[in-house]
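In this note's numbering, the protein residues as written are 9 to 520.
Ideal placement from N, C-alpha and C gives every residue a C-beta, glycine not left out.
Accompanying notes for the structure given below.
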């Protein structure tokens, strides 16, 4: 999976699949061969237990962390999706760097500054939503390929896991990350060590591997990737298959039918693989170690469209079999494209490309996956905000705020949806969320650094003077902060631009 659409062609050119032919084969076996013969020839999953119990099964859509910042962050649907989110994707900062990053462009600290990801994970956990970190993806370099030894790789994985406090990770292996045997060995060794250390400390780590698939199952690279993890001592919680972007003739099958066939084929493969590696299958059977992730709406491969009806079909199958996990690509796309989007047939990272008629794919796919939100601890009074320690400025009814500006109010971080000044308090309980100028992001965290504005050395620029007429491009210092004029002005205090980026004639500078 990738946030970059338009992947050329399919992964498996020239192969064909017939869903009806598979069903007919099973019927013939049962009618002609007799019960005993049919039982011998039918895949092992048909005679195994029915899968995970409802309380164990989980749904979490993938969420591209790097897509939403500023004003877009105020419209994020991350905490509105049921179940949880698989946060994508942590990769190496470069092909040769063992430093974790979000989507190569943002180191972990930078991502927190840009997307407030740390506190949003905290908010998910408050709401009872399951946060999962996904390493890899279709683009960039997974850490195991960039890190040259197991110890360094282990530290890189651990840094991410501990920063976000998750108990489940996802290894999304595609392209070169899937075929690099040396990286596979390092990955297995590092993950196995982490699991053993955490288990000894009473804090186990669930590990899922996510792989490309065809309706007739995993290819040799996918099977080898699973084998490498098992051989390296990794205790796999499950195998999640990407039921999307097949790039082959589906023989008239819908995307929902193709996903079911891919699951059935993979179930047989995993049963055989666990047996050949002498790995114990859970008593609940192969379905309790399996998951599926469709790409909702239009896929990158032209003509492949996963509809709302496909989602219902897949969910019904998952419920019947007791499939441990369902996900989707992606939460960011789980909406109908706006009327201003000129060509909905072109795949977008921010909408599904199909008319969802007011429904969400997440609600349909998550049906039957039980979640119990934690009981909130009651408080007797609102938190008192301290400007000296708050991570953002404390809200003021007299201040002007542009869209996308973050503030603190009553111990919470809010972000403005549009330009606003005055009005009701950000946490006013009488105002419907859609009518409020503010979106609640998450709580202030105990280890938050106090808000500060980068300053420049004295004398870098002339001090601002209210009597001077400034022209566009001129630079000044005000309270140690540098500013540049966006248009001519006089007697306009520069620091208004820190929170009002629309109407202030100044913009702050972070470096000379």
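Assign residue i to one of three DSSP states: helix, strand, or coil.
i           : result
residue 256 : coil
residue 403 : coil
residue 289 : coil
residue 301 : strand
residue 505 : helix
residue 214 : strand
residue 19  : No answer about residue 19 holds up, because its pLDDT of 47 lies below 50 and its placement is not dependable.
residue 70  : strand
residue 231 : helix
residue 178 : strand
residue 320 : helix
residue 219 : strand
residue 392 : coil
residue 416 : strand
residue 31  : The predicted position of residue 31 is uncertain, since its pLDDT is 49 and thus under 50; a value taken from the coordinates is nonetheless stated next. The answer is helix: DSSP assigns residue 31 an H, G or I state.
residue 117 : helix
Quick one: what's got a C-beta closer than 7 Å to residue i's C-beta in the same chain, skipping five residues either side?
i           : result
residue 468 : 485, 490 and 520
residue 445 : 424, 425, 426, 428 and 431
residue 518 : 462
residue 246 : 216, 297, 298, 299, 332 and 333
For residue i, count the other beta carbons within 10 Å of its own beta carbon; 16 or more makes it buried, fewer makes it exposed. Which is it?
i           : result
residue 31  : Residue placement at residue 31 is flagged as unreliable, the pLDDT there being 49, under the threshold of 50; the coordinate-derived value follows with that caveat. It counts as exposed.
residue 476 : exposed
residue 284 : exposed
residue 82  : buried
residue 366 : exposed
residue 364 : buried
residue 511 : exposed
residue 220 : buried
residue 191 : buried
residue 496 : exposed
residue 273 : buried
residue 236 : buried
residue 130 : buried
residue 84  : buried
residue 185 : buried
residue 268 : buried
residue 70  : buried
residue 479 : exposed
residue 156 : exposed
Starting from residue i, trace the beta strand (DSSP E) both ways and give me its first and last residue.
i           : result
residue 110 : 105-110
residue 424 : 420-424
residue 149 : Segment: none, residue 149 is in no beta strand (DSSP E) and carries neither H nor E.
residue 374 : Note, residue 374: premise wrong, no beta strand (DSSP E); not H, not E.
residue 250 : 244-251
residue 521 : Nothing can be reported for residue 521: it is not among the residues displayed for the chain, which extend from 9 to 520.
residue 99  : 92-102
residue 144 : 138-144
residue 517 : 514-517
Taking the alpha helix (DSSP H) that residue i falls in, what are its first and last residues?
i           : result
residue 272 : 263-284
residue 65  : Premise fails: residue 65 is in no alpha helix (DSSP H) and is neither H nor E.
residue 166 : 158-172
residue 194 : 189-208
residue 447 : Residue 447 -> not in any alpha helix (DSSP H); beta strand (DSSP E) instead, spanning 446-451.
residue 126 : 125-134
Which same chain residues end up closer than 8 Å to residue i when comparing Cβ atoms and leaving out the 5 residues on each side of it in sequence?
i           : result
residue 458 : 396, 397, 398 and 399
residue 346 : 359
residue 500 : 512, 513 and 514
Between which residues of its own chain and residue i is the CB-CB distance below 6 Å, once the five residues before and five after are set aside?
i           : result
residue 471 : 485
residue 230 : 219
residue 74  : 110 and 111
residue 195 : 152
residue 282 : 289
At what residue ranges does the stretch 473-497 contain a whole run of the beta strand (DSSP E), taking only runs of 3 or more? Look at the stretch 473-497 and you find these whole runs of beta strand (DSSP E), each 3 residues long or longer: 483-486 and 489-493.
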